[in-house]
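Notes for the one structure printed next.
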């Protein structure tokens, strides 16, 4: 059965991680791996998470299954976090939230659900988009179409080209949008642009699908969700995949949620039953630990305040690094776009050969596309990175 299988090439990000680990240079810099890092280069456990886990370990009484939908308390807390407190969508029973194994689980279960609804579903994704969007959605049998998003010269959103291409979408097509902190470009839509996209989606009869993986790491919890909330308030149907990996630091706990918005409460109940059936046939039910941490934090005023303070500090650190990075690169060229972008990622706009030179000669690691994790920087290594870029670019 297995003897004819051929080995596949290693994922480029995983390969970069391995190469970085094997590099013995003490001054090496990792700007490739997409996790938040503090000034010491660590991905810490948040203090609020530590305290929530302590309470869980002391008070947990069972390891029984949580059911395909996951924890009702977690789902309710995530609905409020994503859509805002007192959302009329929640009040009117038009939204259900399902706990999933990470944002990946939410994306894949949404794709399987969409294929159930319509076997030949087309989903439009941005160019570029997160690399795993394509196997997660395409692997479920959805047809992938692309719309231009990032102008490769200006490294800003090519909004006109985006709208022009989406005009070609057919009624019932799905449009995948990044809620904030676009991965991998860091170039976000403004609220005015979200409003224009909303109008196009309404007029064309498209189904919006928003991937919200970085809420709180752009400009703040509510500001990062403003575009999504405007869209959700205006359309009859919508899907939202949310991740707790970044804003709670729960990467390895695989904690996510899938929100399903329908036109009426009756339709939502029927759609949710179908979604839960899809989930039952795949992983049956989600892991509980990470969701219990989130539920504990969001359900306790003191813990929630502590978490929001920590998350705010992470957001402010990234914003500081963006401005400091752009300033440090000023002698090399115009990198002001880095300061205007949001979240952990930006493209430097340099060639693969220059990326290789940075890695080989200076121990500075980034993806071949020149995507960097801004959170991998700190004030100590910024001059080192800027100096290396000046040398590589001949400035």
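In the UniProt record's numbering, the protein residues as written are 1 to 395. Virtual Cβ for every residue (Gly too), placed ideally from N, Cα, C.
For this session: Mind the definition here: the stretch 186–204 touches the stretch 146–158 only if three or more C-beta pairs lie below 8 Å; say whether that holds.
Result: Yes: the two stretches touch, three or more of their Cβ pairs being nearer than 8 Å.
Exercise. To which residues of the same chain is residue 386 closer than 6 Å at the C-beta, ignoring the five residues directly before and after it?
Worked result: Reading the chain shown from its first residue, position 386 is the one you call residue 386. 328, 329.
Exercise. For the stretch 104–144, which segments carrying the beta strand (DSSP E) assignment without a break, of at least 3 residues, lie completely within its bounds, in sequence order?
Worked result: 122–127
Exercise. For the stretch 129–147 against the stretch 318–326, are there 3 or more C-beta pairs whose distance is under 8 Å?
Worked result: no
For this session: Could you tell me the distance, in whole angstroms, from the CA atom of residue 254 to the CA atom of residue 292?
Result: Within the chain shown, residue 254 is the residue found at index 254, counting from 1. Within the chain shown, residue 292 is the residue found at index 292, counting from 1. Cα to Cα, the separation comes out at about 12 Å.
Problem set entry | Coarse secondary structure for residue 185, derived from DSSP in three states | Sequence index remark: in the chain shown, residue 185 carries index 185 (1-based). DSSP places residue 185 in the coil class of the three-state scheme, outside both helix and strand.
Problem set entry | 8 Å contact criterion, which residue 13 and residue 33 should meet: CB distance rounded | Position 13 of the chain shown, counting from 1, holds the residue named residue 13. Position 33 of the chain shown, counting from 1, holds the residue named residue 33. Correct: roughly 7 Å between the Cβ atoms.
Exercise. Among residues of its own chain, excluding the 5 on either side of residue 65, which ones have a beta-carbon nearer than 6 Å to its beta-carbon?
Worked result: By one-based count along the chain shown, residue 65 stands at place 65. Result list for residue 65: 285, in chain order.
For this session: Kindly indicate which residue of 134, 334, 230, 96 has the alpha-carbon position closest to the one of residue 108.
Result: To locate residue 108, count along the chain shown from 1; it is residue 108. Closest by alpha carbon: 134.
Exercise. Which residue comes first and which comes last in the alpha helix (DSSP H) that contains residue 268?
Worked result: Here the question's residue 268 lines up with position 268 in the chain shown. 265–280 is the span of the alpha helix (DSSP H), which, as asked, contains residue 268.
Exercise. Under the three-state reduction of DSSP, which class applies to residue 99: helix, strand or coil?
Worked result: Residue numbering aside, residue 99 sits at position 99 when the chain shown is read from its first letter. Assignment of residue 99 by DSSP, reduced to helix, strand and coil, places it in the strand class.
Problem set entry | CB-CB length for residue 232 against residue 261, believed under 8 Å | To locate residue 232, count along the chain shown from 1; it is residue 232. To locate residue 261, count along the chain shown from 1; it is residue 261. Confirmed, Cβ separation roughly 6 Å.
For this session: Would you mind working out which of 356, 112, 374 sits nearest residue 347, comparing C-alpha positions?
Result: Numbered from 1 along the chain shown, position 347 holds the residue referred to as residue 347. It is 374 whose Cα lies nearest to the Cα of residue 347.
For this session: Whole angstroms is fine: what's the gap from residue 377's alpha carbon to residue 117's?
Result: Numbered from its first residue, the chain shown carries residue 377 at position 377. Numbered from its first residue, the chain shown carries residue 117 at position 117. Answer to the nearest angstrom: the Cα atoms are 44 Å apart.
For this session: Could you check the C-alpha separation between residue 313 and residue 379 for me, to the nearest Å?
Result: Working through the chain shown from its first residue, we reach residue 313 at position 313. Working through the chain shown from its first residue, we reach residue 379 at position 379. Distance between the alpha carbons of residue 313 and residue 379 is about 16 Å.
Exercise. Residue 152: buried (16+ other C-beta within 10 angstroms of its C-beta) or exposed?
Worked result: The count along the chain shown starts at 1 and reaches residue 152 at position 152. Its Cβ having fewer than 16 others within 10 Å, residue 152 is exposed.
Exercise. For the candidate residues 87, 358, 362, whose alpha-carbon lies nearest to that of residue 370?
Worked result: As a position in the chain shown, residue 370 is number 370, starting the count at 1. Looking at the Cα atoms, 358 is the closest of the given residues.
Problem set entry | Residue from 20, 3, 58 whose Cα sits closest to the Cα of residue 366 | Here residue 366 refers to the residue found at position 366 when the chain shown is read from its first residue. Residue 20 is the option with its Cα nearest to residue 366.
For this session: Just confirm the distance between the C-beta atoms of residue 99 and residue 257, as a whole number of angstroms; I'd bet it's less than 8 Å.
Result: Taking the first residue of the chain shown as 1, we reach residue 99 at position 99. Taking the first residue of the chain shown as 1, we reach residue 257 at position 257. Yes, residue 99 and residue 257 are in contact; Cβ-Cβ is about 6 Å, under 8 Å.
Exercise. When the Cα of residue 235 is compared with those of 167, 226, 199, 220, which residue comes out closest?
Worked result: Start at 1 with the first residue of the chain shown, and residue 235 comes out as number 235. Selected option, being the one with the closest Cα: 199.
Exercise. Residues bridged to residue 147 by DSSP?
Worked result: For the purposes of this step, residue 147 is taken as residue 147 along the chain shown, with counting starting at 1. In the DSSP assignment, residue 147 forms a beta bridge with 126.
For this session: Pick helix, strand or coil for residue 240, following the three-state DSSP scheme.
Result: Translated into the one-based positions of the chain shown, residue 240 becomes position 240. Correct three-state label for residue 240: strand.
Exercise. Under the criterion of a Cβ to heavy atom distance below 8 Å, does residue 392 qualify as lining the ligand NAP?
Worked result: This structure simply doesn't include the ligand NAP, nor any ligand for that matter.
Problem set entry | Limits of the alpha helix (DSSP H) - the one that residue 12 falls within | For the purposes of this step, residue 12 is taken as residue 12 along the chain shown, with counting starting at 1. That run of the alpha helix (DSSP H) goes 12–22.
Problem set entry | Whole-Å CB distance - residue 180 paired with residue 214, under 8 Å assumed | Walking along the chain shown from the start, residue 180 turns up at place 180. Walking along the chain shown from the start, residue 214 turns up at place 214. The pair is a contact, with the Cβ atoms about 6 Å apart (cut-off 8 Å).
Exercise. Going straight from the alpha carbon of residue 175 to that of residue 112, what length do you get?
Worked result: For the purposes of this step, residue 175 is taken as residue 175 along the chain shown, with counting starting at 1. For the purposes of this step, residue 112 is taken as residue 112 along the chain shown, with counting starting at 1. Answer to the nearest angstrom: the Cα atoms are 16 Å apart.
Exercise. What does residue 364 pair with, by DSSP beta-bridge criteria?
Worked result: Taking the chain shown and counting its residues from 1, the one referred to as residue 364 is at position 364. The partner list for residue 364 (beta bridge, DSSP) reads 29.
For this session: Using the DSSP secondary-structure output, state which residues sit across from residue 45 in a beta bridge.
Result: What you label residue 45 is simply residue 45 of the chain shown in a count that begins at 1. Bridge partners of residue 45: none, in fact.
For this session: Could you check if residue 322 is buried or exposed, using at least 16 other CB atoms within 10 Å of its CB as the buried criterion?
Result: Your numbering for residue 322 matches position 322 in the chain shown. So residue 322 counts as buried.
Exercise. If you draw a straight line from the C-alpha of residue 340 to the C-alpha of residue 97, how long is it?
Worked result: Walking along the chain shown from the start, residue 340 turns up at place 340. Walking along the chain shown from the start, residue 97 turns up at place 97. Rounded to whole angstroms, residue 340 to residue 97 spans 33 Å at the Cα level.
Exercise. Is residue 371 helix, strand or coil when you go by DSSP?
Worked result: The residue labelled residue 371 in the question sits at position 371 within the chain shown. It is a strand residue.
Problem set entry | With 16 other Cβ atoms within 10 Å as the buried cut-off, status of residue 310 | Mapped onto the chain shown, residue 310 falls at position 310. Answer is buried; the Cβ neighbour count reaches 16.
Problem set entry | C-alpha gap between residue 270 and residue 78, whole angstroms | Here residue 270 refers to the residue found at position 270 when the chain shown is read from its first residue. Here residue 78 refers to the residue found at position 78 when the chain shown is read from its first residue. Going by the C-alpha atoms only, they are around 21 Å apart.
Exercise. Could you give the residue range of the beta strand (DSSP E) that holds residue 292?
Worked result: What you label residue 292 is simply residue 292 of the chain shown in a count that begins at 1. Not the beta strand (DSSP E): residue 292 falls in the alpha helix (DSSP H), residues 289–298.
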